[in-house]
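Accompanying notes for the structure given below.
Number of protein chains: 2
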Amino acid sequence: MKKLKVKFCDIREGRYEVFINEEDAKDLGLNPNDRVKISVDRKSIIAVVNTTKTLTPKGYIGLSREVCSFFKLKGEREVVLTLTEKPKSIEFIKKKLDGHELTEQEYDTIVKDVVSRSLTEIEITAFVIGVYINGMSIEEASYLTKKMAENGEMLELEKKPIFDKHSLGGVPGNKITLLIVPIVAAAGLTIPKTSSRAITSACGTADIMEVLAPVTFSAREMEEIVNKTNGMIAWGGGANLAPADDIFINVEYPLAIDPHYMALCSVMAKKYAVGANFVVIDLPMGKETKVPTIEKARKYARDFIALGEKLGMHVECVITYGEKPIGRAIGPALEAREALQALEGKEVASSFVEKATGIAGILLEAGGVAKHGEGAKLALEYIRNGKALKKMKEIIEAQGGDPKISSSDVPIGEYREKVYAERGGYITEFSNKSLVKIARAAGAPKDKGAGILLHVSKGERVKEGDILFEIFSESEYKLERAIRLANELKPVTIEGMLLQRIPEYRIFGY
Amino acid sequence: MKKLKVKFCDIREGRYEVFINEEDAKDLGLNPNDRVKISVDRKSIIAVVNTTKTLTPKGYIGLSREVCSFFKLKGEREVVLTLTEKPKSIEFIKKKLDGHELTEQEYDTIVKDVVSRSLTEIEITAFVIGVYINGMSIEEASYLTKKMAENGEMLELEKKPIFDKHSLGGVPGNKITLLIVPIVAAAGLTIPKTSSRAITSACGTADIMEVLAPVTFSAREMEEIVNKTNGMIAWGGGANLAPADDIFINVEYPLAIDPHYMALCSVMAKKYAVGANFVVIDLPMGKETKVPTIEKARKYARDFIALGEKLGMHVECVITYGEKPIGRAIGPALEAREALQALEGKEVASSFVEKATGIAGILLEAGGVAKHGEGAKLALEYIRNGKALKKMKEIIEAQGGDPKISSSDVPIGEYREKVYAERGGYITEFSNKSLVKIARAAGAPKDKGAGILLHVSKGERVKEGDILFEIFSESEYKLERAIRLANELKPVTIEGMLLQRIPEYRIFGY
């Protein structure tokens, strides 16, 4: 036990950390990443030790913003530091590394320590890599899923059963949620959809919806919105639903890994947290998506369904075509506009409407609103008769947006440049990854008006000089950056129908 | 590319880090743990991104001490920030996670990125856990060992062959290096011993030797010392020998894991870096050591020998008894004194001298100085005839210490307390871990004079009130802390010869 004076250090958000002078640390027998208990009056927390030569002088302790705000510390203060043991969950993480199954109680301990920020990045990485290499049983996945949900906010909704959908990532332009939610809600079914923001994509559904209405709500506010309108399109991260998920993603992201079982639990924990009874999972398959092969798609489908069973949730999976963007728009405002256009009955890419109504149809059938095999037709009818648009406006209003908005009101970036075909031929390929990079270079997802509008579709014939796509940006500098990238990456491939001449067939002297 | 003003942030030593305001980060499309290139004039480095709300205002960049000192930045300056790709080694780390063998070139890339601080803790943890779970082939271990050595300083010694020894950890009081090195060097063999400091133990050999002489030298200074005296006992960490090792240990430590192959490579990289041709590995076996069972000891022995072969190094392993401390002293000064006492021919624990001369003997035989089977006898002779003491004093002098020192000059902590037997019986057990905790509570390894002196040995009969051990400290506060811990942990077990009465044999009515 030692008393130290406080120094405020605004660093390393998201974890309780303290900075101790190397001399004091040696004296106390502390190494970096050790745990200490910090107490002020009667409150105390466990924090992770960093050692420093000069940031904090001897006799002082540097506290991260999280620690200061926990204790509501201001001005000259002292805290009491006590040595403490490692969190119990480290033992369970080691058990996972050694290839053993963990119990429900052990997963609970791990998730509690993750959420309370008691584990360091090193320890969380060890857990995630343990799951990546050793996998887990479906029982284990159900424990982890439940504990991720239960150690966070849970929605309590009145109108049951509760419907939900999720699309696995990797396909730009996948704005189908903005059609599915109003269709399903218009049919009287409850669909409290939470979505994510972009990490590496051009925009998440939450980024798109935010063009039309606020998306950040507490769990109680979410319940209110859904009780009023049946539907919602909110940012999941705003309501502390399954908060461990973001912390796991934080260590997966730099390694560019997506452990199969972590992906399952991540999706299902959010469904479990909203109390979903029936869920459709969209598995976009294609070489640049998370599901590159049909085998991988089938494995996901099997595991999602099995995990759903353990959780008392009915799951259906659809494997969808993922080698091109959905619709023509990529970027928050462009996608919000395209979704509104579809709801307004305007001409949009038919494959976009087809995908959205196909998935909405499954939910309508499951909800008993449509007969088996007739869900998609009914979903399309909800668009045609304007009920989906009306419901979307109700949802926009309930979330605090302007219900009078129409597609033509959506502000799009004013700096624009068209990219033209350098030769004639057929559109044989879109690179999803390159399109995303260009949209991001143009400013998406932060600049809502930035993005790409495709003017061609796969298989289409183009002439030299035809417009391939248009880049939108909110700044000249970012537009230029995006154009340079587009010229370099060439995200649209055009080929002649004769793909290759074989020399043997050449006529000599020709 | 963006220009940002510099703000100095003294945090997170050991890695190039920058702190970017969240707004700027969003603008640049940067997430925490992304890489950026930072340039000043014509120099540039790759640094890892942290985002912050208030530590650095918009338009500023916070630079860690490492970054500032790399650029020699002072006062108001601007740096240029450019987005950059992830290090190549992340791909190879993923390959290891996926269970594949890596090539020599791939290990080289990983170690280079580790040493240049281009990898984050998350990525290094992923690598270490990949090795922990998936293991590696002996070929792979030889690649990693070589690359750990080659990406650091290497000793170039004149007098070959070069001899070396290493003891795996877990046994307190294991000061045998302080006898082995002078014996072997006195016999004319070259033994450039590098040792570590304590992380979790009461003291490393470097901490002990530091009581007698400085231990921090550059590789060139080490060569000079060894060329002069044949021997050396230096701190390995001071000369940047196999510097990746400490970085790997840094992520193993908080998880309390010691991946088998990382342990092999860690030991052998340091031997490879000093150019060792013949190495004896001491494997202390016992329930609180790194080698709990004979099977584990044999696996270590097989793998050390096989790895040695791949590296062109002859390795011999000895399995030693590790369930009690070596000698009677635990703690830097107490151990240095005990080693000097042994060299001076004074009465010390015979098992300590036996172990040291046994291992020294193997080296003498390998060096052709003693006939097969007669090495230990000759080693003891070097102690008896004072040549080992004379050599030790030469080494102390060459390292900058006082060669006139004798065991009675070594300063020991002045705050002392004896711990007595609470009952009579036989000493059946020492808890190494508890003894280490008590020594550390008393101030070891930082306070050189702190530690424990055992007054009894295993199997010895004691009466109630006999002295079991004595605690030494340099401060009253730490002495009290250590006494409290000793009373709680009871590190010495005393039992009667009747260990258990079995009820069936009881005489009723007795």
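Line by line, the protein sequences are chains G and L.
Position 500, counted from 1, in the first sequence is what my numbering calls 500; the numbers after and before it change by one each time, with no gaps.
One rule links them: number in my numbering = place in the second sequence (from 1) + 1000.
The beta-carbon is built from N, C-alpha and C at its ideal position, and this holds for glycine as well.
Keep in mind it's a predicted model, so treat the numbers as computed, not measured.
What does residue i touch in chain L if you count any residue whose Cβ is under 9 Å from its own?
{"i": "G:Ile90", "result": "Pro1254, Leu1255, Ala1256"}
Taking only three categories from DSSP, how would you classify residue i?
{"i": "G:Met232", "result": "strand"}
{"i": "G:Pro503", "result": "With a pLDDT of only 49 at G:Pro503, under the threshold of 50, the placement of this residue in the model should not be trusted, and no figure is reported."}
{"i": "L:Phe1508", "result": "In this predicted model, L:Phe1508 has a pLDDT of only 46, less than 50, meaning its place in the structure is not dependable; the value taken from the coordinates is given anyway. Of the three classes helix, strand and coil, the one that applies to L:Phe1508 here is coil, per DSSP."}
{"i": "L:Gly1237", "result": "helix"}
{"i": "L:Asp1113", "result": "helix"}
{"i": "L:Cys1265", "result": "helix"}
{"i": "G:His455", "result": "coil"}
{"i": "G:Phe19", "result": "strand"}
{"i": "L:Ile1494", "result": "strand"}
{"i": "G:His100", "result": "coil"}
{"i": "G:Arg35", "result": "strand"}
{"i": "G:Leu73", "result": "coil"}
{"i": "L:Ser1416", "result": "Residue identity check: residue 1416 of chain L is Arg in the sequence provided, not Ser. In this structure, L:Arg1416 counts as strand in the three-state DSSP scheme."}
{"i": "G:Gly331", "result": "coil"}
{"i": "L:Met1154", "result": "coil"}
{"i": "L:Cys1317", "result": "strand"}
{"i": "G:Glu474", "result": "coil"}
{"i": "L:His1372", "result": "coil"}
{"i": "G:Pro325", "result": "coil"}
{"i": "G:Val79", "result": "strand"}
{"i": "L:Ile1138", "result": "helix"}
{"i": "G:Leu468", "result": "strand"}
Inspect the beta-carbon positions of residue i and residue j and report whether they are closer than 8 Å.
{"i": "L:Lys1478", "j": "L:Ala1441", "result": "yes"}
{"i": "G:Tyr321", "j": "G:Gly361", "result": "no"}
{"i": "G:Ile129", "j": "L:Gly1231", "result": "no"}
{"i": "G:Thr103", "j": "G:Tyr272", "result": "no"}
{"i": "L:Ile1326", "j": "L:Val1171", "result": "yes"}
{"i": "L:Asn1021", "j": "G:Ile199", "result": "no"}
{"i": "L:Gly1331", "j": "L:Ile1467", "result": "no"}
{"i": "L:Asp1024", "j": "L:Lys1074", "result": "no"}
{"i": "L:Ile1162", "j": "L:Ala1269", "result": "no"}
{"i": "G:Val598", "j": "G:Val456", "result": "In the structure displayed, chain G extends from 1 to 510; residue 598 of chain G sits before or after that span and is not available."}
{"i": "L:Lys1555", "j": "L:Thr1109", "result": "The requested residue 1555 of chain L is not part of the displayed model; chain L covers only 1001 to 1510."}
{"i": "L:Ala1213", "j": "L:Ile1396", "result": "yes"}
{"i": "G:Thr177", "j": "G:Ser195", "result": "yes"}
{"i": "G:Lys446", "j": "L:Lys1026", "result": "yes"}
Which residues in chain G sit within 9 Å of residue i, going by Cβ to Cβ distance?
{"i": "L:Asn1487", "result": "None at all; the shortest Cβ gap to chain G is about 17 Å."}
Taking C-beta pairs closer than 7 Å, name the residues in chain G that residue i reaches, listed in chain order.
{"i": "L:Gly1029", "result": "Arg440"}
{"i": "L:Leu1021", "result": "Note that residue 1021 of chain L is Asn in the sequence shown here, rather than Leu. Result: empty, since nearest Cβ-Cβ is about 11 Å, beyond 7 Å."}
Can you check whether the C-beta of residue i is within less than 8 Å of a C-beta belonging to chain C?
{"i": "L:Lys1146", "result": "Among the chains of the structure shown, chain C does not appear; the protein chains present are G and L."}
What does residue i reach in chain L if we use C-beta pairs closer than 7 Å?
{"i": "G:Lys26", "result": "Lys1446"}
Along chain G, in chain order, which residues have C-beta atoms closer than 8 Å to that of residue i?
{"i": "L:Asn1174", "result": "Simply none; closest approach about 20 Å."}
Can you list, in chain order, the residues of the stretch 128 to 140 of chain G whose Cβ is nearer than 8 Å to any Cβ on chain L?
-> Ile129, Gly130, Tyr132, Ile133, Asn134
Below 7 Å between beta carbons is the criterion; list the residues of the stretch 100 to 127 of chain G that meet it against any residue of chain L, in chain order.
-> Thr120, Glu121, Ile122, Glu123, Thr125, Ala126
Members of the stretch 445 to 465 of chain G that neighbour chain L once the beta carbon cut-off is set at 7 Å | Within the stretch 445 to 465 of chain G, the residues whose Cβ lies closer than 7 Å to any Cβ of chain L are, in chain order, Lys446.
Residues in the stretch 250 to 264 of chain G with C-beta within 8 Å of chain L's C-beta atoms, listed in sequence order?
-> Asn250, Val251, Tyr253, Pro254, Leu255, Ala256, Ile257
If we count Cβ pairs, one from each stretch, closer than 8 Å, do we get three or more for the stretch 1372 to 1381 of chain L versus the stretch 1274 to 1292 of chain L?
-> no
Touching by the beta-carbon criterion (3+ pairs, under 8 Å), the stretch 242 to 251 of chain G and the stretch 105 to 123 of chain G = yes
Below 8 Å, can you find three or more Cβ-Cβ pairs linking the stretch 260 to 280 of chain G to the stretch 312 to 319 of chain G?
-> Taking one beta carbon from each stretch, the stretch 260 to 280 of chain G and the stretch 312 to 319 of chain G have 3 or more pairs nearer than 8 Å; the two touch.
Residues from the stretch 192 to 213 of chain G in contact with chain L, defined by Cβ distance under 9 Å | Ile199, Thr200
Taking a Cβ distance cut-off of 8 Å, strictly less, list which residues of the stretch 1067 to 1097 of chain L are near chain G, in chain order.
-> Lys1086, Ile1090, Ile1093, Lys1094, Leu1097
Are three or more beta carbon pairs between the stretch 184 to 197 of chain G and the stretch 218 to 236 of chain G nearer than 8 Å?
-> yes
Evaluate contact between the stretch 1135 to 1155 of chain L and the stretch 1407 to 1424 of chain L, counting only Cβ atoms and requiring at least three cross-stretch pairs below 8 Å.
-> no
For the stretch 29 to 44 of chain G, which residues have a CB atom closer than 7 Å to at least one CB atom of chain L, in sequence order?
-> Gly29, Asn31, Asn33
Can we say the stretch 36 to 45 of chain G touches the stretch 69 to 85 of chain G, given the rule of at least three CB pairs closer than 8 Å?
-> yes
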